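Asks: Okay, so the sequence shown: first residue is 71 according to my numbering, each after it adds one.
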Amino acid sequence: SHYNLGLVSLRLNDKETAMREYDYLLPINKKLADNLMIEITGKSEEPQAEGQESNL
């Protein structure tokens, strides 16, 4: 499903694909799309990437 593909994309740090799956899912199942967006925004708040950038 688009939801599962979005979650897998997030685990692979592929936020672009996750967002695309969100766009596909939104007109089909808004509740699932909203859940996926929560996952996407939750992952984006992790300080991992920001911490690495500031160390450069």
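Every residue, glycine too, gets a C-beta built ideally from N, C-alpha and C. The structure presented is a predicted model; accordingly, all values stated were derived computationally and were not measured.
#1: Nearest-angstrom Cα distance between Lys85 and Ile98?
#2: Quick one: what does DSSP say Leu82 is sitting in, helix, strand or coil?
#3: Distance check for Gly112 and Leu77, CA to CA, integer angstroms please.
#4: Please go through the same chain and pick out, in chain order, the residues whose beta-carbon is closer than 8 Å to the beta-carbon of Thr87, but skip the five residues on each side of it.
Replies: The structure says:
#1: 20 Å
#2: coil
#3: 12 Å
#4: Leu75, Gly76, Ser79
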